[in-house]
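Everything on this sheet refers to the single structure shown next.
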Amino acid sequence: MTGGTRMTVVLGHVVTPTASDPGGFLDIASGAVAYADGTILDVGDATDILTRYRGALVEDHGDRFIVPGFVDAHVHYPQIGMIASPGLELLDWLERFTFPAEARFADDSHADRVADFFTDQLVDNGVTTACVYATVHPGSADALFRHARAKNLRIITGKVCMDRGAPDHLLDTPSSAVEDSVALLEKWHGVGRLEYAITPRFAPTSSDAQLAALGELAASYPDVVVQTHLSENTAEIERVRMLFPGTRDYTDVYDRAGLVRRRAVFGHGVHLSERELRRLGQAEASVAHCPTSNFFLGSGMFGVARAQSIEGLRVGLGSDVGAGTSLSPLVTLGAAYQASRMLGAPLDGGRLLRLATLGGAEALGVDESVGSLEHGKDADLVILDPFGPQNSAVLRHRVDGAETLEEVLFAVMMLGDERAVARTVVAGV
Ligand SMILES: [Zn+2]
Numbered sequence: 001m002t003g004g005t006r007m008t009v010v011l012g013h014v015v016t017p018t019a020s021d022p023g024g025f026l027d028i029a030s031g032a033v034a035y036a037d038g039t040i041l042d043v044g045d046a047t048d049i050l051t052r053y054r055g056a057l058v059e060d061h062g063d064r065f066i067v068p069g070f071v072d073a074h075v076h077y078p079q080i081g082m083i084a085s086p087g088l089e090l091l092d093w094l095e096r097f098t099f100p101a102e103a104r105f106a107d108d109s110h111a112d113r114v115a116d117f118f119t120d121q122l123v124d125n126g127v128t129t130a131c132v133y134a135t136v137h138p139g140s141a142d143a144l145f146r147h148a149r150a151k152n153l154r155i156i157t158g159k160v161c162m163d164r165g166a167p168d169h170l171l172d173t174p175s176s177a178v179e180d181s182v183a184l185l186e187k188w189h190g191v192g193r194l195e196y197a198i199t200p201r202f203a204p205t206s207s208d209a210q211l212a213a214l215g216e217l218a219a220s221y222p223d224v225v226v227q228t229h230l231s232e233n234t235a236e237i238e239r240v241r242m243l244f245p246g247t248r249d250y251t252d253v254y255d256r257a258g259l260v261r262r263r264a265v266f267g268h269g270v271h272l273s274e275r276e277l278r279r280l281g282q283a284e285a286s287v288a289h290c291p292t293s294n295f296f297l298g299s300g301m302f303g304v305a306r307a308q309s310i311e312g313l314r315v316g317l318g319s320d321v322g323a324g325t326s327l328s329p330l331v332t333l334g335a336a337y338q339a340s341r342m343l344g345a346p347l348d349g350g351r352l353l354r355l356a357t358l359g360g361a362e363a364l365g366v367d368e369s370v371g372s373l374e375h376g377k378d379a380d381l382v383i384l385d386p387f388g389p390q391n392s393a394v395l396r397h398r399v400d401g402a403e404t405l406e407e408v409l410f411a412v413m414m415l416g417d418e419r420a421v422a423r424t425v426v427a428g429v
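Once you know that position 1 of the sequence shown is 1 in the UniProt record's numbering, the rest is easy, because the numbers rise by one and skip nothing.
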């Protein structure tokens, strides 16, 4: 599937970070994006584009914003049914709520239903690219790949690997983890816009032998994404210290297994030391910042500005549902602002938007294809409408009185949610 073949021109207020001009931003009030066959042909002034692409199908969105499809760099689709499970910190929350919810994915029909619902929700929230955890069951990853393929979403996912520290019925082994991962990878990696991710849940649920086996697997597939959790919560860090004596720190546990590299996406990184941040940067690895989750579980706050100052380190935004409280990147960005404000280095609207688009694409290593509205990239677009009656009255009232783009962008991140997403164009459809 390559998306719609008809040449289309979408008119509106184009707002996008640019990869061709690092740190740059395009803001065209009377703008247009032209695309065909699922790929962006041109972005620019509406009059110019309409002249150049005569005969194209025209969609006029007036003063609504056209922004890149959002990138969710860290989310657990099997946890969508247990979102908003309160009261506990990470390790107890996993045992009490998460593992029972994930156990239900032994049933393929359950996985199928949830994967269908989850992928629909991504589209409704404007998310066109996501790096997703399945469960330990290979069928759970298979179900997500199927539904992502049918909806042509850019999904990177993998079966979770864990061989200890969880109920027996949720455990695999070092060898079965590798065999099941390879089978899924060979079946789905590179099919349409799908990619496989080697997915150890986190160090406390993988033995040394399993991490080493997954490191060997990663070495056989040097361009494949690796995703796991890192330095989220202080009790978790202490558990890792007990389980892996002789390692320098949490990052070193993954490093020794060969799992710290480009396209290794580490969820959270809240409590990383300077050494760990620099090591991740040196390896050109990535951190997925998951602020609603960090607040919800009381894990702490990740310093985005500090991390972005580390050479080589990529930073994206993750909803981390079900510890995160919303699939909406707008809601997650509101929390990212609050975390940045608490840490004394507040992010502005432009930097926030970048985090949820091009920043996420860079973190996942897919920035040549998505993350910004530029020639040759996938036609993944979100029409953002903070002015329409579907939004809260307070958001509409706030943006009615706004005088600058920055004011409106910031307001929609602080006050908006999926209701502000008027339309999501997925690979031109
Ligand atoms: Zn997570």
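Quick reminder that beta carbons are idealized off the backbone N, C-alpha and C, glycines included.
Problem set entry | Per-residue DSSP class, three states only, for T128 | On the sequence shown, position 128 is the one that residue 128 refers to. T128 falls in the strand class under three-state DSSP.
For this session: Kindly indicate which three-state DSSP category A264 falls into: helix, strand or coil?
Result: Within the sequence shown, the letter at position 264 stands for residue 264. Reduced to three states, the DSSP call for A264 is strand.
Exercise. Between the Cα of R239 and the Cα atoms of L91, G62, I40, which residue gives the shortest distance?
Worked result: The count along the sequence shown starts at 1 and reaches residue 239 at position 239. The option with the nearest alpha carbon to R239 is L91.
Exercise. What is the C-beta distance between V43 and L26, in whole angstroms, given that I count them as a contact (C-beta under 8 Å)?
Worked result: Taking the first residue of the sequence shown as position 1, residue 43 is located at position 43. Taking the first residue of the sequence shown as position 1, residue 26 is located at position 26. Confirmed, about 7 Å.
Problem set entry | Contact check, D385 vs A427, beta carbons under 8 Å | Here residue 385 refers to the residue found at position 385 when the sequence shown is read from its first residue. Here residue 427 refers to the residue found at position 427 when the sequence shown is read from its first residue. Cβ atoms of D385 and A427: not closer than 8 Å.
Exercise. Just to confirm, does H229 get its C-beta within under 7 Å of one of the non-hydrogen atoms of ligand 1?
Worked result: By 1-based counting over the sequence shown, the position of residue 229 is 229. Because some heavy atom of ligand 1 lies under 7 Å away, the Cβ of H229 counts as near it: yes.
For this session: May I ask which residues mark the beginning and end of the beta strand (DSSP E) holding H289?
Result: Reading the sequence shown from its first residue, position 289 is the one you call residue 289. Per DSSP, H289 belongs to the beta strand (DSSP E) from 286-289.
Exercise. Can you find a heavy atom of ligand 1 that lies under 7 Å from the Cβ of D92?
Worked result: Position 92 of the sequence shown, counted from the start, is the residue given in the question as residue 92. For ligand 1, not one heavy atom lies less than 7 Å from the Cβ of D92.
Problem set entry | Stretch pair the region 63-83 + the region 414-429: three plus CB contacts closer than 8 Å | yes
For this session: Measure the alpha-carbon distance for V58 versus V33 and round it to whole angstroms.
Result: Within the sequence shown, numbered from 1, the residue matching residue 58 stands at position 58. Within the sequence shown, numbered from 1, the residue matching residue 33 stands at position 33. Distance between the alpha carbons of V58 and V33 is about 10 Å.
Exercise. Which full runs of the alpha helix (DSSP H) of 4+ residues lie inside the region 283-323, going along the chain?
Worked result: 291-296, 304-308
Exercise. Should the region 138-146 be called in touch with the region 154-166, which here means at least 3 C-beta pairs below 8 Å?
Worked result: yes
Exercise. Hey, G334 and F302 are a contact pair by Cβ (cut 8 Å); roughly how many whole angstroms apart?
Worked result: Position 334 of the sequence shown holds residue 334. Position 302 of the sequence shown holds residue 302. Not a contact, Cβ separation roughly 15 Å.
Problem set entry | Classification of L6 by the beta-carbon crowding that lies within 10 angstroms, buried from 16 upward | Counted from its first residue, the sequence shown places residue 6 at position 6. At residue 6 the sequence reads Arg, which differs from the Leu that was named. By the 10 Å Cβ count, R6 comes out exposed.
For this session: Within its chain, find whatever has a CB closer than 6 Å to the CB of R354; leave out the 5 residues flanking it on each side and keep chain order.
Result: As a first step, residue 354 must be located in the sequence shown, where it is residue number 354. Here the set comprises P17.
Exercise. From T357, P329, A197, pick the residue whose C-alpha is nearest to that of L217; which is it?
Worked result: Here the question's residue 217 lines up with position 217 in the sequence shown. L217 has its Cα closest to that of A197, out of T357, P329, A197.
Exercise. From this set, H397, E362, L259, which residue's C-alpha is nearest P22's C-alpha?
Worked result: Taking the sequence shown and counting its residues from 1, one reaches residue 22 at position 22. Selected option, being the one with the closest Cα: E362.
Exercise. Could you give the distance in angstroms between the alpha-carbon of V171 and the alpha-carbon of F97?
Worked result: For the purposes of this step, residue 171 is taken as residue 171 along the sequence shown, with counting starting at 1. For the purposes of this step, residue 97 is taken as residue 97 along the sequence shown, with counting starting at 1. Sequence inspection shows Leu at residue 171; the Val mentioned does not correspond to that position. Rounded to the nearest angstrom, the two C-alpha atoms are 17 Å apart.
Problem set entry | Chain-ordered residues, beta carbon under 5 Å from a heavy atom of ligand 1 | G267, D320
Exercise. Hey, V260 and A285 are a contact pair by Cβ (cut 8 Å); roughly how many whole angstroms apart?
Worked result: Here residue 260 corresponds to residue number 260 of the sequence shown, with the count starting at 1. Here residue 285 corresponds to residue number 285 of the sequence shown, with the count starting at 1. Rounded, the Cβ-Cβ distance is 6 Å, consistent with contact.
Problem set entry | Boundaries of the alpha helix (DSSP H) in which E418 is found, first to last residue | In the sequence shown, counting from the first residue as 1, residue 418 sits at position 418. Note, E418: premise wrong, no alpha helix (DSSP H); not H, not E.
Exercise. With a Cβ-Cβ cutoff of 8 Å, do A235 and E89 count as a contact?
Worked result: For the purposes of this step, residue 235 is taken as residue 235 along the sequence shown, with counting starting at 1. For the purposes of this step, residue 89 is taken as residue 89 along the sequence shown, with counting starting at 1. The answer is yes: Cβ separation under 8 Å.
For this session: Assess, as a yes-or-no matter, whether the region 73-86 is touched by the region 48-56 under the definition of 3 or more beta carbon pairs within less than 8 Å.
Result: no
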